[in-house]
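Read the structure below first, then the notes.
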Amino acid sequence: MAVPKRKMSRSNTRSRRSQWKASVPNLVKTVENGRVTYSLPHQAKVVTDSAGTELFLEYKGRKVADV
Amino acid sequence: MPTPPKGPRLGGGPAHERLMLANLSASLFEHKRITTTVTKAKRLRPFAERMVTFAKRGDLSSRRRVLAQIRDKSVVHELFTDIATAVENREGGYTRITKIGNRKGDNAPMAVIELIMDPVSPKQATVAEAEAAAKSAAPAPVAESADSPESADSGESADSADSAPSAESADETKDEQSEAADAAEAPAAETAETADAEATEAEAADAQAPEAKEDESDGKA
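From first to last, the protein sequence lines stand for chains A and B. Numbering that gives the first Met the number 0 applies: residue 0 is where the first sequence begins, and numbers increase by one. Numbering that gives the first Met the number 0 applies: residue 0 is where the second sequence begins, and numbers increase by one.
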């Protein structure tokens with residue numbers, strides 16, 4: 000098995016890692032019950048009750064799956 | 000016929016992909032709704048819908064063609080009896096894929112693929128039933144007034160004409176509508192009671208049901 004001959008320098012490691020970028024998700028803005036919410040498009044959303052307990056996943060008024 | 004998929008096959012090779020599609024579709028027909036990755040769901044959709052098309056044809060050769068893919072006979076039987084009758088009026092589009100976000104372990108995008116067993120387009124069905132009910136309800140007030148002329152006021156006949164089509168539109172089959180055309184008084188109350196079980200028209204039927212019963216009692220008195 001091929002192995003590196005030398006230890007990679009801290010500079011090279013950090014230069015490589017500097018290219019790791021996080022991408023911004025494209026969110027859609029909707030108004031639900033008078034509040035503005037941002038959510039991922041074309042994806043089921045989690046329905047919660049008033050206490051914040053997660054109930055099930057919903058998409059376009061249809062129950063899709065349990066959480 | 001869907002276009003052949005581009006890109007890498009599922010699993011380790013063509014045989015593995017065939018087996019995966021067969022097993023996924025068998026699970027889908029058994030459970031009616033399965034959770035899998037988006038890639039597998041998209042690849043499964045044309046395969047499973049072709050199986051449903053064979054099931055709708057329903058003859059022996061198509062059953063053997065399905066059995067060549069899905070080896071479980073009980074699943075194939077369920078496909079040819081339950082699922083084929085449920086999607087009888089549906090012209091393609093037997094499955095629905097809904098994305099549900101990424102999986103926790105490997106961050107794979109997941110989806111729920113499910114069979115659509117609902118009746119086709121309840122809006123169109125209710126419009127057609129309302130038109131048919133309006134035709135059948137037109138001679139109904141005349142028959143009521145002929146039966147009981149002393150109690151058949153103009154207001155009551157107008158109420159019954161309003162309530163009868165709405166109660167009749169709650170049911171789905173045309174056979175019951177023909178019965179309602181024969182005897183407009185009794186089936187109106189019956190269909191109003193049966194409409195409680197149905198989710199879509201339940202509220203409208205509940206609102207109209209007491210009126211229909213009052214009309215019936217007035218008509219008999």
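Every residue, glycine too, gets a C-beta built ideally from N, C-alpha and C. It should be emphasised that the depicted structure is a prediction, and the values quoted were computed from it without experimental measurement.
Answer yes or no: does any C-beta atom of chain B fall closer than 8 Å to that of residue i?
{"i": "Ala43 (chain A)", "result": "yes"}
{"i": "Val63 (chain A)", "result": "yes"}
{"i": "Leu56 (chain A)", "result": "yes"}
{"i": "Glu53 (chain A)", "result": "no"}
Please decide whether residue i counts as near chain A, where near means a Cβ-Cβ distance under 8 Å.
{"i": "Thr100 (chain B)", "result": "According to the sequence provided, residue 100 (chain B) is Gly. The question's Thr does not apply to it. Yes, contact with chain A."}
{"i": "Val111 (chain B)", "result": "yes"}
{"i": "Thr38 (chain B)", "result": "no"}
{"i": "Thr34 (chain B)", "result": "yes"}
{"i": "Thr97 (chain B)", "result": "yes"}
{"i": "Leu43 (chain B)", "result": "no"}
{"i": "Thr199 (chain B)", "result": "Residue confidence for Thr199 (chain B) is low, a pLDDT of 44 falling below 50, so the modelled location carries little weight and cannot support an answer."}
For the alpha helix (DSSP H) that residue i lies in, which residues bound it at each end?
{"i": "Arg5 (chain A)", "result": "That residue, Arg5 (chain A), is in no alpha helix (DSSP H); it is neither H nor E in DSSP."}
{"i": "Glu38 (chain A)", "result": "One point to set straight first is that residue 38 (chain A) is Ser, not Glu, in the sequence displayed. Ser38 (chain A) -> not in any alpha helix (DSSP H); beta strand (DSSP E) instead, spanning Arg34 to Ser38."}
{"i": "Val126 (chain B)", "result": "Pro121 to Ala136"}
Under 6 Å Cβ to Cβ from residue i, same chain only, skipping five residues before and after it: list those, please.
{"i": "Asn88 (chain B)", "result": "Val119"}
{"i": "Glu58 (chain A)", "result": "Strictly speaking, residue 58 (chain A) in this sequence is Tyr, with Glu absent from that position. Correct list, in chain order: Ala43."}
{"i": "Ala107 (chain B)", "result": "Thr36"}
{"i": "Arg44 (chain B)", "result": "Thr94"}
Counting only the same chain and skipping the five closest in sequence on each side, list residues whose C-beta sits under 7 Å from that of residue i.
{"i": "Gly57 (chain B)", "result": "Phe79 and Ala83"}
{"i": "Ser177 (chain B)", "result": "A caution first: Ser177 (chain B) carries a pLDDT of 47, below 50, which makes its placement in the model unreliable, though a value can still be read off. Nothing listed; no residue qualifies."}
{"i": "Phe28 (chain B)", "result": "Val74, Glu77, Leu78 and Ile82"}
{"i": "Glu16 (chain B)", "result": "Arg8, Leu9 and Gly10"}
{"i": "Pro24 (chain A)", "result": "Leu39"}
{"i": "Val45 (chain A)", "result": "Glu53, Leu56 and Val66"}
List the DSSP bridge partners of residue i.
{"i": "Phe28 (chain B)", "result": "Partner(s): none; Phe28 (chain B) has no beta bridge."}
{"i": "Arg61 (chain A)", "result": "A:Tyr58"}
{"i": "Glu226 (chain B)", "result": "The question about residue 226 (chain B) has no answer here: the residues shown for chain B are numbered 0 through 220."}
{"i": "Thr34 (chain B)", "result": "B:Val111"}
Starting from residue i, follow the beta strand (DSSP E) in both directions and report where the run begins and ends.
{"i": "Lys28 (chain A)", "result": "Val27 to Glu31"}
{"i": "Thr47 (chain A)", "result": "Lys44 to Thr47"}
Would you say residue i faces chain C, with C-beta separation under 8 Å as the test?
{"i": "Lys59 (chain A)", "result": "Note that chain C does not occur in the displayed structure, where the protein chains are A and B."}
For residue i, collect the residues of the same chain with a Cβ closer than 8 Å to its Cβ; drop the 5 residues on either side in sequence, then sort them by chain order.
{"i": "Thr36 (chain A)", "result": "Lys28, Thr29 and Val30"}
{"i": "His48 (chain A)", "result": "Correcting the residue identity first, residue 48 (chain A) is Asp in this sequence and not His. Only Leu54 meet the Cβ criterion."}
{"i": "Ile33 (chain B)", "result": "Leu23, Ser26, Leu27, Val111, Ile112 and Glu113"}
Requested in this report: Would you list, in sequence order, the uninterrupted beta strand (DSSP E) runs of no fewer than 3 residues that lie entirely inside the stretch 39-116 of chain B?
Outcome: Taking 3 residues as the minimum length, the beta strand (DSSP E) runs contained wholly in the stretch 39-116 of chain B are 94-101 and 108-114, in order along the chain.
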